[in-house]
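S.K.: Supplied in structure tokens, the structure appears directly below.
If you want it as structure tokens, here you go:
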């Protein structure tokens, strides 16, 4: 378990936030959810708190099935990708669990790009 005995704070508890929280919990973290981001994130580094964002390019699973225009929206999310698919909620959970783990201890002030190649950094 990558995150055993770690605390994780997840900002945003929608579909993606839920996937992140579940990914952290699967890896043994104590998860805390908040509905809005903190101010002055740069002031957290000296306290050992890392800030890592996740760029998804959109997650089709998070679009409600009954959303008008869903199929067109999903096509717009998938079409520009290099992999022929968009990120899944499980992808988001797995990447954020890694980002919060000790294996990513040197990553801060950065964004993890899981756009399946739709957005090049």
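In this note's numbering, the protein residues as written are 62 to 182. Heads up, the beta-carbon is just placed ideally off N, CA and C, and yes, glycines get one too.
#1: Taking all protein chains shown into account, do 16 or more other C-beta atoms lie within 10 angstroms of the C-beta of residue 167, making it buried, or fewer, making it exposed?
#2: Could you give the residue range of the beta strand (DSSP E) that holds residue 171?
#3: From residue 97 to residue 162, what distance separates their C-alpha atoms?
#4: As a quick exercise: from 114, 170, 164 and 158, pick the residue whose alpha carbon is nearest that of residue 176.
#5: So, under 8 angstroms CB-CB, residue 120 and residue 77 are touching, yes? Tell me the CB distance rounded to an integer number of Å.
#6: Measuring straight from C-alpha to C-alpha, what distance separates residue 83 and residue 122?
#7: With DSSP run on the structure shown, which of helix, strand or coil describes residue 77?
#8: Can you tell me the Cβ-Cβ gap for residue 134 and residue 80, rounded? I've got them flagged as a contact below 8 angstroms.
#9: Does residue 160 get closer than 7 angstroms to chain D when you measure Cβ to Cβ?
#10: CB-CB under 6 angstroms to residue 174, same chain, minus the five flanking residues each way: which ones, in chain order?
#11: Counting along the chain, where does the beta strand (DSSP E) carrying residue 124 start and finish?
#12: Measuring straight from C-alpha to C-alpha, what distance separates residue 148 and residue 65?
M.R.: If we stick to the structure as given:
#1: As a working mapping, residue 167 is identified with position 106 in the chain shown. Its Cβ having fewer than 16 others within 10 Å, residue 167 is exposed.
#2: Start at 1 with the first residue of the chain shown, and residue 171 comes out as number 110. 171-174 is the extent of the beta strand (DSSP E) around residue 171.
#3: As a working mapping, residue 97 is identified with position 36 in the chain shown. As a working mapping, residue 162 is identified with position 101 in the chain shown. Because residue 97 carries a pLDDT of 45, less than 50, the predicted location of this residue cannot be relied on, and the following value inherits that uncertainty. C-alpha separation (whole angstroms): 22 angstroms.
#4: For the purposes of this step, residue 176 is identified with residue 115 of the chain shown, where counting begins at 1. It is 114 whose Cα lies nearest to the Cα of residue 176.
#5: For the purposes of this step, residue 120 is taken as residue 59 along the chain shown, with counting starting at 1. For the purposes of this step, residue 77 is taken as residue 16 along the chain shown, with counting starting at 1. Contact holds; Cβ gap of about 6 angstroms.
#6: Numbered from 1 along the chain shown, position 22 holds the residue referred to as residue 83. Numbered from 1 along the chain shown, position 61 holds the residue referred to as residue 122. Distance between the alpha carbons of residue 83 and residue 122 is about 15 angstroms.
#7: For the purposes of this step, residue 77 is identified with residue 16 of the chain shown, where counting begins at 1. Helix, per DSSP.
#8: The residue you call residue 134 lines up with position 73 of the chain shown. The residue you call residue 80 lines up with position 19 of the chain shown. Actually they do not touch by this definition, with Cβ atoms about 18 angstroms apart.
#9: Checking the listed chains, one finds no chain D in this structure; it contains a single protein chain.
#10: Residue numbering aside, residue 174 sits at position 113 when the chain shown is read from its first letter. Around residue 174: 116 and 182.
#11: Your numbering for residue 124 matches position 63 in the chain shown. It is not in any beta strand (DSSP E) - residue 124 carries neither H nor E in the DSSP assignment.
#12: Here residue 148 refers to the residue found at position 87 of the chain shown. Here residue 65 refers to the residue found at position 4 of the chain shown. Using only the alpha carbons, I get a separation of about 25 angstroms.
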